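For reference, the structure is listed below as C-alpha cells.
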Amino acid sequence: MKQVVVHPERCVGCMQCMVACAVAHSRSGQLYTALAERPRPRPRVHVGAGLYNEGFPNRCRHCDPAPCLLACLAGAIFRDAHTGTVLIDPDKCINCASCAMACPYGVIRFHEDPVAPPGKTVAVKCDNCDQRVAQGLAPACTEACKSGALTYEEMDEAMRRKTAEVARSVSTGAETAAVPPALALLMAVKKAELSL
Amino acid sequence: MATFENISITEDARLLLEKTRRDGVETVWQRHDAQQPQCGYCETGLSCRICIMGPCRIDPFGEGPQRGVCGADADIIVARNLCRMIAAGAASHSDHGRDLVEVLAAVAAGKAPGYRIRDEQKLKSVAAEYGVETDGKDTLAIAAEVADAMMEDYGMRRKSLTLLSRAPEKRRQLWEKIGVTPRGIDRETSEMMHRTHMGVDNGWQSLLLQGLRNALSDGWGGSMIATEVSDILFGVPSPKATTVNVGVLREDQVNIVVHGHNPVVSEMILKACESPDLLALAREKGAAGINLAGVCCTGNELLMRHGIPMAGNHLMTELVLSTGAVEMMLVDYQCIMPSLGTIAGCYHTRMISTSDKARFPGMEHREFHPDNAEKMAAELVREAVENFTRRKQVYIPVQPVNAVGGFSVEAIVGALGGTPEPLLDAIKAGKIRGAVGIVGCNNPKIKHDYGHVTLSRRLIENDILVVDTGCVSVATAKAGLKVPEAIEMAGPGLKEVCGALGIPPVLHLGSCVDNVRILVLASALADALGVDISDLPLAGAAPEWYSEKAATIGTYFVASGVYTVLGPMPPVTGSANVVGLLTEGLNDVVGATFAVEPDPEKAAMLIRRHIEGKRKALGLSSVEV
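Chains C and G, in that order, give the protein sequences. The end of the first sequence is residue 197 by my numbering, with every number in the run present. The end of the second sequence is residue 658 by my numbering, with every number in the run present.
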C-alpha cells in the first residue's frame, strides 16, 4: 500500500504543500475560489524552519499506537481499519485538546473546518487525503511537491531506495553528494550568514 | 528570534530593539523570522513567474521538472531572473537621475523657485563633456542645454552614452569588442525587459551580457547623471564634520528626519529648517531649535554637502521612529519600508510621502514638484514644529559619534594637492596596498553592520584604503572609523599617508548613486598609470546587500573591471553555468568576477589576495596572503 513518505533533506521550504493541502480540504477544491470560502480552508501539513532556516514538512505520522487516539476521551479519534489512517470525527470532537497535548509532533490544530458543523471549532489534522485517494489521486501535498521531499510510494520501495543510497555513500572513494550543488552552495552561505 | 546581540553590533539598535519589544512594535527582524523557511526555488533562482503558461519551477534535485512550460531550462530561468533584477536596479537609479535632470531643466526655465545652480564650475565642466558651448552664454542657458543633452542620453539617438568618455580607453575598447557599450539609459533597461520576455533571448550567456550593458547604462549613465546634476544643483561635496547614530536626535529640539534618496526634496527641507520664522515658531513651542537628520541615502546627500547628521542606515529606519522623538519623517523613494507608517502610528510622528511615484500606507501624501517644493517644504516644516507639543515620552539612549564626510573625487584630489599622483605614489611604494569600495545596504540575513564594519577594519589594518557609500558609510561612521584619529586602527603605511593628509582611513563618498564617484576615481588612477581599471589593485564589496539596485551596482563594478565580493548569495545557485560565469568566466570577458562570502573575515582575505595579485601583475611589491 502506498504511503506519504517524508524526505526532509529534499525540502526546499517553498510551502507549496501547505497551499495544496488547504485547497484539497476546501469546499470548492480550487485555489481561487477556496481563498474566498468561509471558514477559510487551512493546511494540515506545516512547514517549519530548521536551525539553518531549511524547510521541514511536519505532518501527522499516523502513529500506531497513536497517543492522540488513546488520549481522546470523546472517542472522536479512530483508525481506519483498511488504510491505517488516524482520523478525527468532527461531530464527536469536543475541542478539549487532549489529543494535541498527547501528540509528540504538534500536528493537531483547532479551528473551524468545512467538514465540521458550522461555527464549531474542532481538532484538525492530516487525513492522508483519504477522499482523493479513494478517487485514485495521490495526496495533495505529494502532488504539489516538485523536489521530492514528500512522495507517495510503497514503503518497501522507499526503504529499498534509501538503503541503496546509504550503501553507495559508504562505498570506498564514493563522493555522492547528499544534496545537489545548487542547494549545497546556498545552504553553505545561509549557514555562514547565521553563524556571524 | 536571535538575541539582540546577534541582531546588530550597534548599541543604539540593540537598545531600541528592546524598546520596540516593550512597545509592541514589530520590526523587520521579526518579519524576516516569520518568513522562514524562504522558498528554495526562489532562493536558487529556479522559479519563473514571467508568463502565465507558468508559474514554473525547476527541481534542483533533478527528478522533478527540469524545464518550464515554455521549455526554458535552469540556465535560462536563472539568467532571466538575474537580468530582471539588474534592469529594476538600473531603472531605479536612472529614474532618480531623470528627476534631477528635470529639476535642472526647470531651473533653467525659471520654473523652480528655491533651486539654483550652486556650482557653476561643475556645470561648465560637465557642459564641456557634453560638447555644450559655454563661452559667452549665461549659466541658465548652459544649464538648459546640458539638461537637454542629458535627456538624449536617456533616449535612443546615441550610439554610446556621453559620460563613457570618462572610462579608460582600454575599457571602452573592451566594451565595444564584446558588444556591451551602453547606448541609451532607458533603452538598455527596455531591451533587457524585452529580451527576458518569453520567447526572445534564450541564450543565458547573451542574456547576461545584456545584463552587463544594462548595468553599465546605470553606472556610467543614470547614476552618474544623478551625481553630476546633484553636484551642479546643490554643490560639489567637500569634507565636513558631522555626527552619527540615533543620538543625533535632540530631546530639546524639533526633530525632522528625511528618508529616501533624492536630494531634490531634502535640500528644500534643509532650507526651510534654517528659516528664521520657523526657528522662532520652534522656540515659541518650547523647542530649542529645529534639528534635521537623515537616514538612508538622502541623508547621505545632505551629509556630503552640509554635514547634516545621520540617525541611521536601512535597518535603523524603523528603530529611529521608536525613539518617540521624531516630529516628522519625510520620505521620497527607494528602500522605504512600507511598515514605517504603522510604526509611526505608535508614536506622535507624522509621516509624509512626497513623490508622485511612491505612496505608503499610513502616510500623508504631500507631493513635491520643482515649482512648489520651496513652499511645500516651508509648510511641512511648520507642521513638524507644531507637532512638537504632541510629543510624549522620548528615548534617545546613546551619545552621537563624530565623523567626517563629503569626499567627492574633487575633494580627494584636492586633499592630495590637485592630482592623484600622491595616492599613486603611495600605492606604488606599497604604503597603501590598494583601495576597496564597500557599498550597499543592510540585510536582516547578516548581523546588522557586522559585515561592513568588520571588513572595513580588516582592510585598513592591512593598509588598504576604504571608500564607502550608502548604508555602509553610516555603519563605519558609527564604529568610529571616519575620523582622522581612526588612523590608529590602520596599518602603518595607511596610517602614515592618511595622517599626513589629515583624512580618515575610511572615506565617505556619498549616497548609492555616488558609487559612480568610485568609477571616476578608479578611471583617474588607471589613466594616470596608462592601464585598465581591471589592472589596478582595487576591489568592491557589498557585505550586506539586499536590493536590486545593489545587484546592478555590483554588476557595473564587475563590468568596469572591479572584482566584487558579495555578502548574501544572489538567487543564481540553481544554474552551475551562471555561477561559473559570474565567479570565473567573466574574468576572460571583462577582467573581473564576482565572489560570494558572507563572513567578512574571509571576504577580507579574498580581497587582500586579489589586491596583492594585481600588485604583482603590475610589477609592484606584493606579499603572500
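Even for Gly, the Cβ is constructed at its ideal location relative to N, Cα and C. All values derive from a computational prediction rather than experimental measurement.
Within the stretch 137-160 of chain C, K147, S148, G149 place their CB atoms closer than 7 Å to a CB of chain G, listed in sequence order. Scanning its chain for C-beta atoms nearer than 7 Å, with the 5 sequence neighbours on each side dropped, one finds around G/G255 the residues A123, H126, S127, G130, I218, in chain order. Around the beta carbon of G/P604, a 10 Å sphere encloses 16 or more other beta carbons of the protein chains shown; the residue is thus reported as buried. Bounds of the alpha helix (DSSP H) holding G/N333 are 329-339. DSSP, read as helix, strand or coil, puts G/E202 in helix. Counting other Cβ atoms within 10 Å of its Cβ, G/G332 reaches 16 or more and is therefore classed as buried.
Note on geometry: alpha-carbon atoms of G/Q154 and G/G503 lie some 26 Å from one another.
Note on geometry: alpha-carbon atoms of C/A37 and G/C368 lie some 33 Å from one another.
With contact defined as three or more Cβ pairs closer than 8 Å, the stretch 73-89 of chain C and the stretch 100-108 of chain G are not in contact. Between G/A176 and G/M301, the gap from beta carbon to beta carbon reaches 8 Å or more.
Look at the stretch 68-136 of chain C and you find these whole runs of alpha helix (DSSP H), each 4 residues long or longer: 68-72, 99-103, 131-135. In this structure, DSSP gives G/L240 a helical state, which the three-state scheme calls helix.
Where G/I385 is concerned, there is no enclosing alpha helix (DSSP H), although the beta strand (DSSP E) around it starts and stops at 383-386. Within the DSSP secondary-structure output, G/R90 pairs in a beta bridge with G/S80.
Between G/V437 and chain C, the shortest Cβ-Cβ separation is not below 8 Å.
Between G/L615 and G/F627, the beta carbon gap of about 5 Å places them in contact (Cβ cut-off 8 Å). Listed along chain G, the residues sitting closer than 8 Å to C/N54 by beta-carbon distance are Q69, P70, Q71.
In this chain, the beta strand (DSSP E) harbouring G/I471 covers 467-471. A direct Cα-to-Cα measurement between G/A200 and G/L207 gives close to 11 Å. With contact defined as three or more Cβ pairs closer than 8 Å, the stretch 466-477 of chain G and the stretch 637-657 of chain G are in contact.
Looking from the CA of G/R113, the closest CA among G/A180, G/L245, G/L325, G/Q63 belongs to G/L245.
Not one beta carbon of chain C lies nearer than 8 Å to the beta carbon of G/K511. C/I109 counts as buried, since no fewer than 16 other beta carbons sit within 10 angstroms of its beta carbon.
Distance from the CA of C/A23 to the CA of C/T34, rounded to the nearest whole angstrom, comes to 12 Å.
Straight-line measurement puts the Cα of G/K461 at about 9 Å from the Cα of G/G652. Counted as a single uninterrupted DSSP element, the stretch harbouring G/Q68 is not any beta strand (DSSP E), since DSSP gives it neither H nor E. Neighbours of C/E194 in chain G, taken as residues at a C-beta separation under 8 Å, are given in chain order as K478, I479, G600, P601, P631. CA-CA distance, G/R149 to G/I109, rounds to 48 Å. When rounded, the separation of the alpha-carbon atoms in C/H8 and G/V629 is 29 Å. Proximity of the stretch 493-512 of chain G to the stretch 226-240 of chain G falls short of the contact definition, fewer than three beta-carbon pairs being nearer than 8 Å. A straight-line Cα-Cα distance of about 7 Å links G/A436 and G/V277. Taken through DSSP and simplified to helix, strand or coil, G/V418 comes out as helix.
Of the residues G/S556, G/T387, G/A358, the one whose Cα lies closest to the Cα of G/I376 is G/A358. Against chain G, the beta carbon of C/R11 has neighbours under 7 Å at F94, listed in chain order. Apart from sequence neighbours up to five positions away, the residues of its chain that approach G/R47 with a beta-carbon distance below 8 Å are F37, E38, I40, S41, ordered along the chain.
Between G/P538 and G/V500, the C-beta spacing is not below 8 Å.
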